[in-house]
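Everything below concerns the one structure shown next.
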């Protein structure tokens, strides 16, 4: 199997950005968000694809006229110069059929469908904010690989951008396509004196200099229902899917750490979407990073911490993200508190961090370019060599049938190797199953 790049070009907005919009200031949360690319790959069935890609490029140029900051470049740590340099657009050809690949998904091979390296700490701001790759299979099927700089967008903004591109590709452009560029910055204005050390500590929190194979597991609807029942309690009678899965995974990781005779306290973090939590709630089209880390601590040696207790613990940290508390996020007090947490984590060998994020319910499977909805949305392949600083994380993505949830794990720590052989974990998690496209 091979994927060959045919062309590589830059797509610019179809309408030049007006002079008064050429300087886009990023928010406080954008400022300390790591400079890495969020990767995602969309696969489309052969029967649904029109092989003419030129209309997609035209639609992309129109989409960039709405999302003009994405066609610019960072000029400093506070702002983007919206100079219409454009986004990277790659066309490639695969010498095999999509159905063959989906029958036995080759996870490391997924990186061939991406234009850039995903989830790697980038050394410089002077780079494209978006890179896209369309790959055509021999059967006519299509993959669209997307890399968007996390410094500018979160997964929710990425999803809206792609849905807008799809809508324009289908000839359905209208005024509702305009993103909201002001609400995020109004809520979290940039801090001129943000210490470099804080940004470095945050990078160190997320990124390690170690190669990490990517692992994929599917929790089907039956497994999720059972885990939600097992996590239920009087305090939290109806745990969410995310709460139940996170509790179960961390419980099994804790067991793996104990089995390896290296028990540590788990720091469990979740990137929480702030848009529905503020008052009034913000629409999904609110641009930028509107995320905050909710975190809890779990001691696997504490016999009182069972699944329902973990579920309660997770619910409590999410509940604390109230509209009132969110207003204080960029306050000096919260900033100092977060700095202290990052500082202590870098020196405390008894705490190990497990970083979760959920891409469920943000509409990734609604990215329709006129070929129907994707038959599969994938994350990425293995993270690269040990000299590259790679992001260690657990990502939840809706399954192709939309009833299950896929877990993508980027880590090669010993407890993860134990986890993938753990009979209790595998009773609920199916490792890398095939994708049905019928």
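Residue numbers (this note's numbering): 2 to 439. Ideal Cβ placement from N, Cα and C applies to all residues, glycine included. No experiment lies behind these values; they were computed from the predicted model shown.
If you draw a straight line from the Cα of residue 270 to the Cα of residue 10, it comes to about 38 Å. Take the alpha-carbon of residue 419 and the one of residue 263: they are about 13 Å apart.
Distances from the CA of residue 186 to each of 291, 395, 67 and 358 were compared; the closest alpha carbon is that of 291. In this structure, residue 115 lies away from residue 44, with their beta-carbon atoms at least 9 Å apart. Assigned with DSSP and collapsed to three states, residue 397 falls in strand. For residue 399 against residue 365, the beta-carbon gap comes to about 7 Å, under 8 Å, which counts as contact.
Using a Cβ distance threshold of 9 Å, residue 423 and residue 286 do not count as a contacting pair.
By the C-beta density criterion, residue 77 is exposed, having fewer than 16 other C-beta atoms within 10 angstroms. At the C-beta level, residue 382 and residue 110 come within 9 Å of one another. Nearest in C-alpha terms to residue 216, of all of 412, 121, 427 and 155, is 412. Within a 10 Å sphere around the beta-carbon of residue 119 sit 16 or more other beta-carbons, which makes this residue buried. Around the beta carbon of residue 305, a 10 Å sphere encloses fewer than 16 other beta carbons of the protein chains shown; the residue is thus reported as exposed. In chain order, 103, 106, 376, 377 and 401 place their CB closer than 7 Å to the CB of residue 436, counting only its own chain and leaving out the 5 sequence neighbours on each side. Note that the C-beta distance between residue 96 and residue 372 is not below 9 Å. The criterion of a C-beta distance shorter than 9 Å is satisfied by residue 429 and residue 228.
Cβ-Cβ distances below 6 Å link residue 153 to 130 in the same chain, with the five nearest sequence neighbours on each side left out; the list follows chain order. Contact between the stretch 20-37 and the stretch 192-205 is present: 3 or more CB-CB pairs across the two stretches fall below 8 Å. DSSP places residue 135 in the strand class (E or B) of the three-state scheme. DSSP lists no beta-bridge partner residue for residue 67. If the five residues before and after residue 15 are omitted, its C-beta is found closer than 6 Å to the C-beta atoms of 62, 63 and 66, all from its own chain and listed in chain order. A distance below 9 Å separates the beta carbons of residue 41 and residue 159.
Nearest Cα to residue 317 within the set 361, 357, 236 and 282: 236.
With fewer than 16 other CB atoms across the displayed protein chains lying within 10 angstroms of its CB, residue 7 is exposed. When the five nearest sequence neighbours on each side are left out, the beta carbons in the same chain lying within less than 8 Å of the beta carbon of residue 327 are those of 188, 275, 278, 279 and 293, in order along the chain.
Taken through DSSP and simplified to helix, strand or coil, residue 117 comes out as coil. Boundaries of the beta strand (DSSP E) harbouring residue 143: 143-150, taken from the DSSP string. When secondary structure is reduced to three states using DSSP, residue 429 falls in the coil class, being assigned neither helix nor strand. A Cβ-Cβ separation of about 6 Å places residue 57 in contact with residue 170 under the 8 Å criterion. Within the stretch 202-243, the runs of beta strand (DSSP E) at least 3 residues long that lie entirely inside it are, in chain order, 215-220.
Taking a 10 Å sphere around the C-beta of residue 301, we find 16 or more other C-beta atoms and assign the residue as buried. Counting the other Cβ atoms within 10 Å of the Cβ of residue 289 gives 16 or more, which makes it buried. For the pair residue 362 and residue 218, the CB atoms are not nearer than the 9 Å cut-off. In the three-state scheme derived from DSSP, where H, G and I count as helix and E and B as strand, residue 94 is classed as strand. Rounded to the nearest whole angstrom, the C-alpha separation of residue 22 and residue 238 is 49 Å. When rounded, the separation of the alpha-carbon atoms in residue 273 and residue 389 is 27 Å. The three-state reading of DSSP puts residue 112 in helix, counting H, G and I together.
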